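Structure, as structure tokens:
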Amino acid sequence: RNAIEELKQQTQQIITTLNNLEDELKPLVTSWEGDDQAMYRGVQAEWDQATKNMALLLGDSGELVQSIHDNHSRDERRSADNWGNVRAR
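Counting in our numbering, the sequence shown runs from 113 upward without gaps.
Have a look at this one:
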């Protein structure tokens, strides 16, 4: 579970860093006009979508890792129980 929490935390840190960068660029962006501003806004929209996709992918990966962990733990317990029932003759 520690790795999953770390994955979630790293994802949030990436999003926070990108948001901070966007905030720092605002004064510069507002000085642009016409095609320059339109180009930036288009690229920024692509970045925003990519960030959302990344967060979804990492979230799904975290859920998958958790599921694998849970299944492995369950199977390990079952195997231990089965071996516990083996008796020498």
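By construction, the Cβ of each residue, glycine as well, lies at the ideal position given by its N, Cα and C atoms. Keep in mind that this is a model prediction, so the values were computed, not measured.
Please classify R201: does DSSP put it in a helix, a strand, or coil? As a position in the sequence shown, residue 201 is number 89, starting the count at 1. Of the three classes helix, strand and coil, the one that applies to R201 here is coil, per DSSP.
Rounded to a whole number of angstroms, what is the C-alpha to C-alpha distance between M166 and N197? Within the sequence shown, the letter at position 54 stands for residue 166. Within the sequence shown, the letter at position 85 stands for residue 197. If I take the Cα positions, the gap works out to 47 Å.
Alpha carbon to alpha carbon, how far is K138 from E145? Sequence index remark: in the sequence shown, residue 138 carries index 26 (1-based). Sequence index remark: in the sequence shown, residue 145 carries index 33 (1-based). One C-alpha to the other measures close to 13 Å.
Does the separation of the CB atoms of Q178 and I116 fall below 8 Å? Here residue 178 refers to the residue found at position 66 when the sequence shown is read from its first residue. Here residue 116 refers to the residue found at position 4 when the sequence shown is read from its first residue. Taking a C-beta distance under 8 Å as the contact criterion, Q178 and I116 qualify as a contact pair.
Quick one: what does DSSP say W159 is sitting in, helix, strand or coil? As a first step, residue 159 must be located in the sequence shown, where it is residue number 47. Shown here, W159 sits in a helix according to DSSP, grouped into three states.
Between the Cα of K120 and those of Y152, D135, E175, spot the shortest distance and give me the residue it belongs to. Along the sequence shown, one-based indexing puts residue 120 at 8. The shortest Cα separation from K120 among Y152, D135, E175 belongs to E175.
Going by Cα to Cα distance, which pick from W195, D182, N132 is closest to D160? Position 48 of the sequence shown holds residue 160. The shortest C-alpha to C-alpha distance from D160 to any of W195, D182, N132 is the one to N132.
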